[in-house]
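**Q** Okay, handing you the structure first.
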């Protein structure tokens with residue numbers, strides 16, 4: 234029996250869209266492709282956790298995959314808008330942030346840490362795309378933040394359309410904006 238059918242469905246939809254975008258952007262940005270692939274894995278694992286069984290190992294893998302997604306998106310943004318020392322410094326920062334996040338998450342399960350890590354990356358990504366302006370990427374950041382606010386609010390449209398489901402749907406819109414921003418870069 235599926236315990237949270239709509240959350241499973243919207244998580245799997247998020248995973249499918251993210252994987253499709255990963256394939257589409259692979260030639261544009263390998264780091265962003267990594268980010269979308271990791272996000273896809275996280276969404277499929279998260280959907281399985283919400284729908285079928287709430288395993289500690291499954292949740293841990295989900296949170297770690299989100300960290301890899303955050304790394305890929307930050308490193309991809311650094312590569313797109315910086316060079317030289319700034320690129321090396323931002324890429325090293327993204328890698329160190331990933332290592333610290335993974336080490337922390339091995340002993341913590343609260344979703345707030347996932348939000349904090351992703352939020353830090355989104356703040357830097359926004360700063361980078363303000364510096365080298367890309368409205369699509371900034372819109373993607375804004376919609377991602379809005380998705381997070383919906384998720385944190387606990388708002389539900391219906392018993393079977395809760396804050397997690399709405400988060401997934403809004404986040405899909407953010408991913409499509411990121412895709413448009415990456416494709417516009419070509």
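Residue numbers (our numbering): 234 to 419.
Idealized CB from N, CA, C, for every residue including glycine.
Quantities reported herein were computed from a predicted structural model and do not represent experimental measurements.
1) Assuming contact is defined by CB atoms lying nearer than 8 Å, are residue 264 and residue 300 in contact in what I supplied?
2) What are the boundary residues of the alpha helix (DSSP H) that includes residue 350?
3) Roughly how many whole angstroms lie between the Cα atoms of residue 371 and residue 381?
4) I'd like to know whether the C-beta atoms of residue 329 and residue 311 end up nearer to each other than 8 Å.
5) Let me check understanding here. Comparing Cα to Cα, which of 343, 314, 319 and 349 lies closest to residue 428?
6) Determine the contact status of residue 414 and residue 373, defining contact as a CB-CB distance below 8 Å.
7) Between which two residues does the alpha helix (DSSP H) containing residue 393 stretch?
8) In chain order, what are the residue ranges of uninterrupted alpha helix (DSSP H) at least 4 long that sit wholly in the segment 255 to 316?
9) Could you give the DSSP three-state label for residue 401: helix, strand or coil?
10) Find the nearest neighbour of residue 385 within the set 376, 400, 284 and 356, judged by alpha-carbon distance.
11) Tell me whether the segment 344 to 359 and the segment 391 to 405 touch, counting them as touching only if at least three CB pairs, one residue from each stretch, are closer than 8 Å.
12) If you run the structure through DSSP and keep just helix, strand and coil, what is residue 236?
13) If you follow the alpha helix (DSSP H) that residue 371 is part of, which residue opens it and which one closes it?
14) How would you call residue 341, buried or exposed, if buried means at least 16 neighbouring beta carbons within 10 angstroms?
15) What did DSSP end up calling residue 246 once you bin it into helix, strand or coil?
16) Taking residue 238 as the reference, give the member of 318, 280, 315 and 383 with the closest Cα.
17) Are residue 405 and residue 246 close, meaning C-beta to C-beta below 8 Å?
18) Relative to the alpha-carbon of residue 343, which residue among 293, 258, 252 and 256 has its alpha-carbon at the smallest distance?
**A** In short, the structure shows the following:
1) Start at 1 with the first residue of the chain shown, and residue 264 comes out as number 31. Start at 1 with the first residue of the chain shown, and residue 300 comes out as number 67. It is not a contact, given that the beta carbons lie outside the stated cut-off.
2) Position 117 of the chain shown, counted from the start, is the residue given in the question as residue 350. It spans 344 to 364 - the alpha helix (DSSP H) in which residue 350 sits, taken as one unbroken run.
3) Counting from one through the chain shown, the residue named residue 371 turns up at place 138. Counting from one through the chain shown, the residue named residue 381 turns up at place 148. Looking at the two C-alpha atoms, the distance is approximately 15 Å.
4) Numbered from its first residue, the chain shown carries residue 329 at position 96. Numbered from its first residue, the chain shown carries residue 311 at position 78. No, the Cβ-Cβ distance between residue 329 and residue 311 is not below 8 Å.
5) For residue 428 there is no data in the structure shown, the boundaries of the chain being 234 and 419.
6) For the purposes of this step, residue 414 is taken as residue 181 along the chain shown, with counting starting at 1. For the purposes of this step, residue 373 is taken as residue 140 along the chain shown, with counting starting at 1. Against a cut-off of 8 Å, the Cβ pair of residue 373 and residue 414 comes out as a contact.
7) Counted from its first residue, the chain shown places residue 393 at position 160. Residue 393 -> no alpha helix (DSSP H), and no H or E assigned at all.
8) 263 to 284 and 289 to 314
9) If you number the chain shown from 1, residue 401 lands on position 168. Residue 401: helix per DSSP, three-state reduction.
10) Mapped onto the chain shown, residue 385 falls at position 152. When only C-alpha atoms are compared, the closest one is 400.
11) no
12) Position 3 of the chain shown, counting from 1, holds the residue named residue 236. If DSSP states are grouped into helix, strand and coil, residue 236 belongs with coil.
13) By one-based count along the chain shown, residue 371 stands at place 138. Residues 368 to 386.
14) On the chain shown, residue 341 is found 108 positions in, with the first residue counted as 1. Looking at its Cβ environment, which holds fewer than 16 other Cβ atoms inside 10 Å, residue 341 is exposed.
15) Translated into positions along the chain shown, residue 246 becomes position 13. Helix.
16) To locate residue 238, count along the chain shown from 1; it is residue 5. For the residues 318, 280, 315 and 383, the minimum Cα distance to residue 238 belongs to 280.
17) Here residue 405 is taken as the residue at index 172 of the chain shown, counted from 1. Here residue 246 is taken as the residue at index 13 of the chain shown, counted from 1. Contact flag set, yes.
18) Locating residue 343 in the chain shown gives position 110, counting from the first residue. Of 293, 258, 252 and 256, the residue nearest in Cα terms is 293.
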